[in-house]
Amino acid sequence: MDKTILPYLISGVSVGGQYALIAIGYTMVYGILRLINFAHGDVFMVAGLMMVYAAAAMPLSLAIPLVIILTVLLGFTIERVAYRPLRTAPRMSVMISAIGVSYLLQNLALYITGGLNKNYPQIPWISDRVTVLGMETSRVTIITPFLTVFLVVLLVLLINHTKIGMAMRAVSLNFETSQLMGIRINSVISATFIIGTFLAAVGSMLFFTNYPGVVPTSGAMPGLKAFVAAVFGGIGSIPGAVIGAFIIGIAESLIKGLDTILIVNGTITEQIGLATFSDAFTFVLLIIILVFKPTGLFGEKTTDKV
Amino acid sequence: MKKILAVALVLCLVLAVAPMAFADNPVVKIGVFEPQSGDNGAGGKQEILGMQYANQLTPTVDIDGTTYDVELVYADNASANDKAPTAAQSLISSGVSLVLGSYGSGVSIAAGDTFAAAEVPAIGVTCTNPQVTSECEVYFRICFLDPFQGTVLANFAKSELGATKAYCLAKQGDDYSGGLCNYFIDAFGKDACVYEQFPEGTSDFSTYITNAQNQGCDVFFSPVSTEAAAQIIAKADTQALGMPILAGDTWDSNVILNAAKGKDLKICVTTFYQEGADPDFDKGIKEWIKNDTTALANNGGNDELAAVTVMGFDAYYVALEALKAAGSVDPADVLETLPSLEYTGVTGKIAFDDIGDALRDSAFVKTCNTETGAWDFVTVATVG
Amino acid sequence: MKAVRTPEENRRISWFCFFATLAFLGLVLLLDQLIKPTSPMYMLLTVLQKGSVYALAAVSMNLLNGCTGLFSLGHAGFMLIGAYTYAIFTIPSASRDTVYQYYDAAVRFSFPEVFGNAMGPAGTALGVLVAVILAGLMAAAFAYLIGLPVLRLKSDYLAIATLGFAEILRAVCQWQKLGPITNGSNLLKSFARVSKFKLVLGSTKLTLSTFVPVLIAAVSIMIIVKLINSTYGRAFKAIRDDEVAAEAMGINLAKHKMISFTVSSFFAGVAGAMMAMVLSIAQASNFKSAMTYEILLMVVLGGIGSTSGSVIGSFLFVAASEWWLRGLDSGTFLGINAPNIFRNGFRLVVFSVIIMIVVLFFRQGIMGERELTDVWLNRRRARQKKKEAGK
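Residue numbers (our numbering), protein chains in the order written: chain A, 933 to 1238; chain B, 8 to 391; chain C, 487 to 877.
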C-alpha cells in the first residue's frame, strides 16, 4: 500500500513546491495591485527558454545567475511598460493588458524557438538519480520542497522585519492611504514584481530540471494552477499560497495515479480514465472554495467598497 | 490614426497579392502540408528534408512534352487539427497540382475535407491512421497503416520481448498515438493491457511511469510525439523503468537517439526504412544534410537519417510520376491517374489499393543502441 | 459621443441596417459563386467564414463583458458545448461508425437526415437549423447551471471561476467514459459542414459555403442588438455602470445578470456550432482558454461595449492573422525578402505587438463605445446643420 502511493506523494510534493514558488508572485501582486498577472506563468516559461539558450553559450555557473537577473529584469519591465500606464484605468483594462502580455510572450517564444520543443540543460548534481525509501527518483524532486520552504521563510522574514516589507504590507492594506503616508508606491510595486519574478525564475529551474522540455505554452497551465493555489490559500497570504500549492500539487499527482491506486487496491477492475481530470480538478477545488469561502483558507475578510 | 491604419491595411493587401515570380520555364507547384511547429514540428521538418533533397536532385519534370520547374509550396499545419483546414486552403489557393503530407494523422484527417471540396489530390507520407483515406476520396498514402503496425508491434512484444502485460500510453485527442494504441491492444489482448491517455501540455510523465510499474507491466508502449518521447525517456531513466519501451514510426528519429544515449534503457521501434538498404542514397542525402546548415539544423544537428525523411523523398518522386502520367498540371487530371500509379522508391514498391492506401506488408524493427547512439536493425516484420 | 435619437431617426437606422445587411448578404452569395477554392482570392471567403464565427463570438462576449460588465472568461467552454452538440446531432448515420471508431456511438440519429427524409431538401436545411439552435440551447443550459454559483462572484473572481469551468467542461468532454457520446478526446467529423451546403435549383447549383455562416451570424447579431436596445439592454448597462445604483433603481441584479449570461452563452454555443461547420471538424482540445483570450482581444480591438466594434474587430483580426500578414511567416512581405526575419511565427509577434499598442495607447479600440450607426447619425446631423446654416 505504502509502496503504491508513496511515489505519487513525493512527486506531488515536488510539483507543489514548484507551483508554490510561482504562486507567491501571483499572491503578492494581487495583494498590492488587485491584479491577476496572467503573464506571470509566461515569465516562468521565458525563464526556462533563456536558460536553454544561455546554457548553450556559457558554463552553467554563469548561466544560472544571468538567467535569474534577466528574468527579474523582464518582470520589472513588464510592470513598467504594460501595467504602470494603466494604474488609474479600470481593473478590467489592466487584466486585459496582462492577457495581452501573455499573448505576446507566448508568440515571441513561438517565433524564437520556431515552435519546437527545446530541451532543458541538465544541471549536474540536482538532476542525478537517487534512491529514497526504496524508490528511484531524481534529486531535484527531493530538494524542491525544502528549498521552497527555505525561500518562503526568508521572504516572510523580509516582509515582517524590513522597511520595504513594512511598506508592502501597508500598500496591500490600503493603496491610497499608504501613498498619503509618504510611501513610494512605485518602488514598492517594483520590489514586489522583482521578488515575484525571482521566485518564478528559481521555480522554473526546478520545474524544468524535473520535466526537461520547454514549449511556448509550458507556462500557461502551471501559471493558472499557481494562481488557483494562491486563491485557494487566500489571496494576499504567502503561507496560504504555499499550502494551497502543495495541496494542488499532491492532488494532481494522486489523480493521475488514481486509476492505478484503485486497481491495485481492488476497488475497480479496469482503467476508468480519471487522469483526464488531473488539470480540471484544480479548477473544481477553485470553484468550491470560491463558492463556500471566497476569501480562501487564510485570506482576510474584506468588505466590498462602493 | 484610423485612416492611416486603413490605408496601411489596404497596402498590405495589394502588395501581398501582387505576384512576384517570373521564371523561364513554366512552374508546377507541389504543396507541402507538414507541421513545422508544435508537437510534431521536428518530425515534420525531417519529412520536408526528404522532399527538398529530392527537389534539389530533380528540379524539373516533363509533363506532356513541356519542361516544368517544380516549386514546393509550404504550409505549416502547426500540428493542430484546428489550424489544418486553413493551412490546406492556403495551399489550394496558391494553385498547387497536388499536395504531399502530413506527418501525423490528425491534421490529415482534419484537412481531408478541404482537399476533397477543392478536388485537389493529397498523398499522405507517414500518416498511418486508417481514417485518413477511408473517409476521403482524394487522399492517398505511401506508408503502412496502424492496424498493420499495431499488430506487428504486439506480435513483437509477445514473441521477441516475451511480454505478458503491456502499458499503453497515448496522447489525448491524438489520432496517431490513440489509433496505434487501440490496434496494439486489439492484437495484444484487451485484458493484458493498461491503457492511459495523457492530456495535452503534460510535462510530468513520472506518474505514468509509476503507474506502469505499479500495475506490473512488462512492456511500455508509447507511440507518442518525439517531444513527449524525450521526456518519457528521461523519466524512465531516473525512475529505473525496468521494462522495454516500444513505439511506432515517429520514434525513428535522432531526437530519440540523443535522448537515449548513455541511458540504461531498451527501446524498440517499427519503421519504414533501415539505413544501409540503399547505400548510395544514404551517402548522397547525408552529404547534402551535412553541407546545408539549414537542413542540418532541421535534422536536429546531425546527419542521422530518419525514416520519415526517406519517405518524404519517395513521396516527391511519386508526385512527379503522377504529374507525368497525368500529362497535365490540373489537379483533377492528377487525381484521375493516382489509383493506377506504380513507383519503386528507396523504401520499396509503392502502389495504391482501391481506397488509396499503400500496398505495404512489411515493417522494419529497430532497436536503439544506447552506447553508440544509433539504430540497430532487428528484423523485418510482416503479418501473415 | 453617444447620440440621443428621435423615433424618426431610430426607424431610419433600423431600415438602413436592414438593407445594408441584405446587400451584404447578397454580395456574399455572389462571391460564393464567383470564387472557386483554387483561386488565390478564396482566402477572402475563408476570412468571411471564420470572421463571421468570431464576430458572433465576440458580439456575444461583448454583451456580457462590455454591456453588462460581467468579466467572464468561459467563452471557449460554451463554444465547445455548441460545437459538440451540433456535430453529434448532424453526423449522417452512414458515417457514424467510422467517426466513432473506438466507441459504440450512443446517439444514432441526425437532424438533417430525420427532417430530410420527411421533407426533402428543405428538411435537411431545417435539420441543420434545429441542430444549431439546439447547440445554443445546450450552451445556455450549461451557462444557467454554472451561473447559479458563480454569478455572485465579483470581477476577477468571476473571470477565474468561469475560466475554470471552461477547463472543466473541456476535460469532461475528453473523458473516455463519455466516449460513446463525445467520441472521447478524438475528433468529430463528417457532420453537416459548409463545403456541403449547396442549393440545387434545376440545373443550376448554388454554393452556400460562405453564405450560410454569414447569414447565421447576421441574424444572431441582429437579435443581440435588439436585446441591447430593449429595456433589458438598458438594465444591463445600468448594472455595468453601477451595481448598487442599479439595484436601488429596482433592477433585479441576479435575474438580469443571469439573463445576460445565458443569452451570451446561447450565442457562444451558436458560434461554436458555426465554428464546427466552418472547420469541418470539432475537437475539445481546440477550445482552450487561449481561444477565449483571442475573442477578448477582438472585443478590445473593436472597443469594449460596441457591437459594431466587435464585428469590425473580429473581421480585422481574422483577416490580418489569416491573410494579410501571412507573408510575415513565409519570407516575403511587402516585397521585402528576408527569410531570416520573416519566418514562422513572426506574424503572430507583429500581431501581438499591435494588440499591446491598442491595449496601452488606444484603450478605446476602433469604435470606443460608439456604434457605426452613431457615426452615421452624427454625420447626417452635421450635414443637416450645414444645410440649415446655408439657408
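The C-beta atom is built at its ideal place from N, Cα and C for all residues, glycine as well. None of the values given here were measured: they were computed from a predicted structure.
The stretch 274-286 of chain B and the stretch 238-253 of chain B touch, with no fewer than 3 CB-CB distances between them shorter than 8 Å.
Of the candidates C:G788, C:I745 and C:S558, the residue whose Cα lies closest to the Cα of G854 (chain C) is C:G788. Here C134 (chain B) is not near S104 (chain B), since their CB atoms are 8 Å or more apart. Between the stretch 347-367 of chain B and the stretch 304-324 of chain B there are three or more inter-stretch CB-CB distances shorter than 8 Å, so the stretches are counted as touching. Where E54 (chain B) is concerned, the enclosing alpha helix (DSSP H) starts and stops at G48 to L64. The residues L550, L644, K743, S746 and F747, in chain order, have a CB closer than 7 Å to that of L556 (chain C) in the same chain once the five nearest residues on each side in sequence are set aside.
Taking 9 Å as the upper bound on Cβ-Cβ separation, chain A lies near residues L649, G650, F651, A652, E653, I654, L655, R656, A657, V658 and Q660 of the stretch 649-660 of chain C.
Of the candidates B:L98, B:S112, B:A365 and B:N62, B:S112 places its Cα closest to the Cα of S232 (chain B). Taken in chain order, the unbroken stretches of beta strand (DSSP E) that lie wholly in the stretch 253-306 of chain B and span 3 residues or more are 274-278.
DSSP, reduced to helix, strand and coil, places W501 (chain C) within a helical segment of the structure shown.
Within the stretch 259-271 of chain B, no residue has its Cβ closer than 7 Å to any Cβ of chain A. Those residues of the stretch 196-214 of chain B placed with their C-beta closer than 8 Å to a C-beta in chain A are V201, Y202, E203, Q204, F205, P206, G208, S210, D211, F212, S213 and T214, ordered along the chain. For Q238 (chain B), the chain A residues whose Cβ falls inside 7 Å of its Cβ are Y1143, P1144 and G1145, in order along the chain. In the three-state reduction of the DSSP assignment, R1061 (chain A) falls in the strand class.
If you draw a straight line from the Cα of I1204 (chain A) to the Cα of L330 (chain B), it is about 50 Å long. Not a single C-beta of chain A is nearer than 8 Å to the C-beta of L765 (chain C). Contact between the stretch 829-847 of chain C and the stretch 571-583 of chain C is not established, with fewer than three Cβ pairs separated by less than 8 Å. Under DSSP, L685 (chain C) shares a beta bridge with C:L692. Here the C-alpha atom of T717 (chain C) lies approximately 10 Å from the C-alpha atom of A724 (chain C).
A contact between stretches requires three or more CB pairs, one per stretch, nearer than 8 Å, and the stretch 81-94 of chain B meets this requirement with the stretch 116-123 of chain B.
Per DSSP, A995 (chain A) is not a residue of any beta strand (DSSP E); the alpha helix (DSSP H) it occupies stretches across L992 to I1010.
Annotation for L673 (chain C): no alpha helix (DSSP H) segment contains it, and DSSP assigns it neither H nor E. In the three-state scheme derived from DSSP, where H, G and I count as helix and E and B as strand, W862 (chain C) is classed as helix. In the three-state reduction of the DSSP assignment, F147 (chain B) falls in the strand class, which pools E and B. Excluding five sequence positions before and after A952 (chain A), the CB atoms of its chain that fall closer than 6 Å to its own CB belong to T1080, V1174 and A1177, given in chain order. Listed along the chain, the chain C residues whose CB falls inside 8 Å of the CB of A1021 (chain A) are R849. When A:G1231, A:A1014, A:S1104 and A:N969 are compared, the shortest CA-CA separation from L1156 (chain A) is found for A:N969.
At least one CB of chain B lies nearer than 8 Å to the CB of S1185 (chain A). Taking CB atoms only, G719 (chain C) has no neighbour in chain B less than 8 Å away. In the DSSP assignment, D974 (chain A) falls within the alpha helix (DSSP H) that extends over H972 to A989. In the DSSP assignment, E343 (chain B) falls within the unbroken alpha helix (DSSP H) covering P338 to T344.
Nearest CB-CB separation between S112 (chain B) and chain A: not below the 8 Å threshold. For Y183 (chain B), the enclosing alpha helix (DSSP H) begins and ends at D182 to F195. In the DSSP annotation of this structure, the continuous segment of the beta strand (DSSP E) that includes N376 (chain B) starts and ends at S369 to N376.
Within the model, the alpha-carbon separation for T257 (chain B) versus T1045 (chain A) is close to 21 Å. Under a criterion of Cβ atoms nearer than 7 Å, the residues of chain C adjacent to P92 (chain B) are, in order, L765 and S766.
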